[in-house]
Amino acid sequence: MYHKKIKEDLDCGIRIASKVFGGKWKCCILDAINRGINRPADISRYIEEASPRVVEMQLSELLFYDVVEKCSEDIYPKKSEYKLTKLGESILPVLAMMDQWGLKNAELVKKSLEELQDSA
Numbered sequence: 097m098y099h100k101k102i103k104e105d106l107d108c109g110i111r112i113a114s115k116v117f118g119g120k121w122k123c124c125i126l127d128a129i130n131r132g133i134n135r136p137a138d139i140s141r142y143i144e145e146a147s148p149r150v151v152e153m154q155l156s157e158l159l160f161y162d163v164v165e166k167c168s169e170d171i172y173p174k175k176s177e178y179k180l181t182k183l184g185e186s187i188l189p190v191l192a193m194m195d196q197w198g199l200k201n202a203e204l205v206k207k208s209l210e211e212l213q214d215s216a
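Going letter by letter, the sequence shown gives residues 97 to 216 in my numbering.
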């Protein structure tokens with residue numbers, strides 16, 4: 097994981113949350129795990145727009161911050177699954193609110209995106 101040379105301000109809750117949960121697909125990954133989609137390959141299929149490599153990278157970051165834990169079976173072929181920790185479960189109400197906001201405002205966002213594409 098990349099480490100900045102300049103000390104980060106970790107006295108701001110928004111910056112801390114952005115550091116841990118920010119990233120294009122982390123919220124979608126957490127949603128997938130919460131829905132019972134636990135294997136990396138299955139998560140990649142669930143989030144079609146994200147490459148398997150990006151899913152693996154973001155799972156590694158979530159693992160680093162103890163948001164998810166990795167469970168591996170000692171069988172061949174090796175199977176890895178992820179599950180939410182207590183910290184990961186604590187973000188679920190925020191994800192639910194984000195989902196509600198997105199659904200409520202979907203038409204406005206779609207309209208803005210269409211206008212942007214038309215002007216290009």
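Positions of the beta carbon are idealized from the N, C-alpha and C atoms, including for glycine.
Distance, residue j Cα to residue i Cα
i, j, result
"S140", "N201", "26 Å"
"L199", "P136", "26 Å"
"E169", "M194", "34 Å"
"I133", "Y142", "8 Å"
"E177", "C167", "5 Å"
"D107", "I171", "44 Å"
With 16 other Cβ atoms within 10 Å as the buried cut-off, status of residue i
i, result
"Q213", "exposed"
"W197", "exposed"
"I110", "exposed"
"K101", "exposed"
"K103", "exposed"
For residue i, the nearest candidate out of the options (CA to CA)
i, options, result
"C124", "E177, L188, E203 and L209", "L188"
"M153", "E144, L204, K122 and L191", "K122"
Heavy atom of the ligand COA within 7 Å of residue i beta-carbon
i, result
"G198", "The model on display carries no ligand, and the ligand COA is accordingly not part of it."
Legend entry - Cβ contact check for the stretch 178–196 and the stretch 153–166: 3 or more pairs under 8 Å: yes
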